[in-house]
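Presented below is the structure to which this report refers.
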Amino acid sequence: MQRAINSIFFDKRDYKLIEIVDSVYSEPKTLGYTGKLLYPYFHPLGIKELAESRGLRAAYSIINLMESIKSGDITSRLKALKGLKDDILDTVGGSIPKNTSRVLMQIMKDLVRAKGQPELQLRLAHDFRIAAFGKPRVIRHLLDHYHLLEMPEEWNQITFDDHVHDANTSGRKSATHLILDAWIKGIRRLRVIYYHYIEPKWALELIEAAKIMEIDLRIGIEFWPIHRDRYISLIWVSRGLPSIESFLSFLAQPTVIQFMEQGKSLVKFQENYLYLLLDSFNESGRMALSRDLGFTIPPVAAEQFLDFVGPGQASFQYLGEFIHSKALEAIQAKISRLKLKKEEVAPEAQAHLSRLSKTMNDFTANDILEQYLDAEHFFSGLYDYVKDKGNDAPPRLCVEFCMLLDQIDDLLDDFRITLNLDRLMPEDVLELLYESTGRIARIEIINLKKYNPLDNKTMLLVNELQAAINQGSILKLKRIISKIIADVQKHDADQKQDRLKALSVILNDINEFKHMFDARPIRLRIGSDSTGKPGHYGMGFAVIDTLPFRVRQKIRKKDCDRLRLPVDVKTSLCTITTPPEYISDAMAWIPGIRLLLSSRKKKWISDFFLIHPASKGNLVTLGRSALVGQKDNYLKGFHNAPKSEKSFKYLNSKLKNFLKVFTGFIPAQLCFMLTKDWWLLSYFGALIWFGITGIRNVIQSVIGGGGIRRASRLKWNDYVSWDRLADSLLFTGFSVPLLDYLVKTLLLDNTLGITIDNGPVMLYAVMGLANGIYLSTHNFFRGLPKGAVAGNFFRSILSIPVAVVLSAGIGAGLGFLNVPNINGILQKWAAIISKGASDIVAGFIEAAADRSVYTRLRKQNIRKKISELFEIYSKLIMLFPETEELNILENSDILLDNKNSEVRDLATLIIINSLDLFYFWMYLPRAQSSLIHEVSDMTPEEKAIFFQAQNMLRHEHHISRLFVDGILGKNFSRPLSFYLILYPAYLRGIEKVKASILQEKSDKRPYS
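When you read off a place in the sequence shown, starting at 1, and then add 848, the result is the number in this note's numbering.
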């Protein structure tokens, strides 16, 4: 029985996807060819689809991103990220492709992590396949499930994070993994912070990854200079280094190398101090922790600490996490021992077991830092340790604030200094701004890890100070400085008199102080300080006003589980209009046609921040509020295994589609059976109704995909989305009682007395309007775009005259056949006639829409390949300076057998390019007509190069050898047989295109 129940859930393709993911784990080198030089040049929708599925390539890329931190294989991670972007982001269709891509990437990450959990893997595999269809309602549900905010498809939202860490400091994720997660969250601007120094390889990976995902990136280095006998935090961010080459050249300068070496010595020195703290914990803090837990925690071994840190930098945060992990191991071991005896022990022991389990779930690394490592005095303790070491301490830990700024000045002319408010009072900020002489250009006004909405006095006063400086108001500036001086006078503190003297100097030099920031006003920064570890809000902030309407509504609800900061970001929306490149003379005379055909792009611009503590601002965290400890501990084995989840959404796809059609068919059949006395309509009315919808969907899909006249390998049913057809039949079934009974019979006939006899136009107008409202309503319910909702409403309006003409035509035909009671027959068939007219109009409109979508996607794919072709050809030209530029490919044997390996590689790349175009031509909808259109728009020289490049497919022996040698891996049989069997037909088709375009004689016209 259980087996029968299980068989109705999930699809064979779900199990296949799991096999694919598991195979990548079990044989990690099976896709080693993806790292080869030539593999990235294959298009994700091209011939490599015949070798490996997209699911396999995505799983391999995700595993490479997530599992290669310790291996340090930066090149593999970057190639994996590029492959993942190509395979998912650049190939997803639907009305919300970017949000669909975010969901697919997140599901694949979870699917890779779920190895060894078959039930969870099945659900994730099914979710991945369903999400790939790109249905808006499904995607939005999954976005909510993964706690991701929907982003506008224009990708113009203002989302950022000015303070995050990767695995090279205190983070959990590699730089590439961090960038991927930032994109999934919807972040467009990111600032990654390193401690004390940066390695060139870190910068390389980070910049290249950000470039792949098109994220605006800044790299910062955090320093700890001394101010008034204590350490403060400031962040240096370089400017004026626009490329990876310029940044690496900067890091290679001798002075910069020496500066970074000082940072490395600081980190090494800090390790020794951390070992002292660990020894102190073992002596005293461990005893206190043992008393709190009720059993003895064994000493923590110092030699395991660096292994725990991995590729990151040893830090106080890592020390807390290390001790925390060891404490959790001890608690879990204790729980396991108690569980083995829990049937034999008294209720008191059972209660102890429950208390331990709760403690484990509530226990966090911050508890270790604050309660057992005295986090509040870490920096003061480090300062004392440095003084004790004297000359043995690293110079960087002994440098004063102004001296460090001078050192940074010598490294690079253009940079920005951000002051971190951690451990600072308003008087400190005022002094530092004055002493910097305008070199502090940013203030991190909110750091989410340290943010406390109930204790924001420093933040508010610093915000007022920043606003007064930028406004250049002497009166406001004097008032704030005087207030700071008054606050200092009220409290006893170290160096009070010296500080008051310094503040008095600033007050007397207020005009000069104001002008220090004229050229570079102070801007505010907000960062999460995220490390990618649980127990935190996570990275990212979004300006609510720049998000879609439905997301804004959710966030503004009282029960929203995201943190809204008291920050009001002033924004402005700009519309960039680009005129069309070309307008034909036949249309140029039409007034306003240029503006009508212009493309428009909306762009949000953030102007400045305002802090409003008394009200909620328009800045929200991208992550949910973290319930402390809920996810920190990953307690395994204590609670019972989760029960298997079975729900309608995981039903087998064929069964689900059948149930959708059957559910729609029932009300339609009942309506016809109960309201019609003519046997044809009574028994077959629902079949006729469904037949109209079904046939219309099939025809429109085939026409939209270009499948009426084709030379491709696609069959007619390859163009049809059966899931989409099932949805259409489901909702059309419920329109029968609406149109035929409620509208036509009850409203028009029985109530208003409108029939075919006295008002055919009014009859079809009201039915068309009712059908339009129904279509728009269920389209909106399904989450379709506004354009589709509006289009389906107006399609029903357009169907009114079609229905009238169709009814008149049928009436004329019946009259010609001398059929009696024509109006009575038309009255009975009025709903079906109205339905048929609506579907006729829909067929034309939706087929045109499908055609437009397919054409746009194919042109995008083809333009990318053609652009790559000409780029490769340009490199060939430079290698043959004395050869006529259009003759290089005429004798391609010379290229393939050339002694220069670079020439041979470029020739192979041209073959790869042609293979992808060949695959497009044979398998992708609208590829043939799109390719013909693109080639027609080329210059004569470009056409000659294009046709010569396609002719390189004639090198059958060489190309076969490429496949056999593993250019697409071990599964080369399908792509090889595809090439050998079909390339002659493709080249004949290309010859026909050439003959038509170049106005040569041809017996047959080209495909379209």
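Built from N, CA and C at the ideal position, the CB exists for glycine as well.
Between the C-alpha atoms of V1294 and E1070, what's the straight-line distance to the nearest angstrom?
-> Inspection of the sequence shows that residue 1294 is occupied by Ile rather than by Val. I1294 and E1070: Cα-Cα distance of roughly 16 Å.
Label T1425 either buried or exposed according to how many other C-beta atoms from any shown protein chain fall within 10 Å of its C-beta, with 16 as the threshold for buried.
-> exposed
Does DSSP classify S1844 as helix, strand or coil?
-> helix
Give, in chain order, every unbroken run of the alpha helix (DSSP H) that is at least 4 residues long and sits entirely within the region 1043-1086.
-> 1048-1061
Would a C-beta distance cut-off of 8 Å place L1125 and A1162 closer than the cut-off?
-> no
With G1375 as the anchor, note down where its alpha helix (DSSP H) starts and where it stops.
-> No alpha helix (DSSP H) holds G1375; the beta strand (DSSP E) holding it covers 1371-1375.
Which class does G1817 belong to by DSSP, given the choice of helix, strand or coil?
-> coil
When the Cα atoms are used, what is the spatial distance from Y1831 to D1393?
-> 53 Å
Determine the direct distance from the alpha carbon of I1540 to that of I1680, and round the result to whole angstroms.
-> 9 Å
Between which two residues does the alpha helix (DSSP H) carrying E1789 extend?
-> 1788-1799
CB contact flag (F1795, I1838, <8 Å) = yes
For I866, does the three-state DSSP call read helix, strand or coil?
-> helix
In terms of alpha-carbon separation, which member of I1673, S1740, P1000, L865 lies closest to W1452?
-> P1000
Best match in V1689, K1504, M1610 for proximity to R1544 [C-alpha to C-alpha] = V1689
C-beta atoms of P1608 and V1667 nearer than 8 Å | no
With 16 other Cβ atoms within 10 Å as the buried cut-off, status of Q1345 = exposed
Please determine, among L1252, S1749, I1602, F857, the residue with the shortest C-alpha to C-alpha distance to I1859.
-> Not covered by the structure: residue 1859. The range shown for the chain is 849 to 1856.
Reducing DSSP to helix, strand and coil, say where L1460 ends up.
-> The sequence given here places His at residue 1460; Leu does not occur at that position. Three-state result, H1460: coil.
Which residues DSSP lists as bridging C1422, in chain order = K1451
Buried or exposed by the 16-neighbour rule on C-beta atoms within 10 Å, applied to R971 | buried
Between the Cα of K1524 and those of P1585, L968, V1546, spot the shortest distance and give me the residue it belongs to.
-> P1585
In terms of alpha-carbon separation, which member of N1300, L1611, E1292 lies closest to G1068?
-> E1292
Over the uninterrupted beta strand (DSSP E) stretch that includes D1014, give me the two end residues.
-> Careful: D1014 lies outside any beta strand (DSSP E) and carries neither H nor E.
I1874, enclosing alpha helix (DSSP H) - first and last residue = Because the chain spans 849 through 1856 in this model, residue 1874 falls outside it and cannot be assessed.
In its own chain, which residues sit with a C-beta less than 6 Å from the C-beta of A1516, not counting the 5 before and 5 after it?
-> A1534, W1537, G1581, V1584
Between W1526, V1841, L1278, which lies nearest to R1347 when the distance is taken from Cα to Cα?
-> L1278
Looking only at its own chain, which residues have a Cβ that is under 7 Å from the Cβ of W1084, when we skip the five neighbours before and after it?
-> G1068, I1069, F1071, I1256, F1263, I1265
Host alpha helix (DSSP H) of E1131 (start-end) = No alpha helix (DSSP H) contains E1131, which DSSP labels as neither H nor E.
Closest residue to R1109 among Y1043, Y1166, A1149, R1039 (Cα-Cα distance) = As written in the sequence, residue 1109 is Glu, which differs from the Arg given in the question. Nearest of Y1043, Y1166, A1149, R1039 to E1109, Cα basis: Y1043.
Spatial neighbours of I856 in its chain, beta-carbon cut-off 8 Å, leaving aside the 5 residues before and after = L1499, N1500, L1503
Work out the CA separation of G1320 and L1099 for me, nearest whole Å.
-> 37 Å
Exposed or buried, what is Y1531 when buried is set at 16 or more other beta-carbons lying within 10 Å of its beta-carbon?
-> exposed
Under 7 Å Cβ to Cβ from Y863, same chain only, skipping five residues before and after it: list those, please.
-> none
Under the assumption that K1712 contacts N1761 (Cβ atoms under 8 Å), give the Cβ distance between them as a whole number of angstroms.
-> Rounded, the Cβ-Cβ distance is 10 Å, inconsistent with contact.
Which term fits I1171, buried or exposed, when burial requires 16 or more other beta carbons within 10 angstroms of its beta carbon?
-> buried
Is the beta carbon of I1370 sitting closer than 8 Å to the one on N1318?
-> yes
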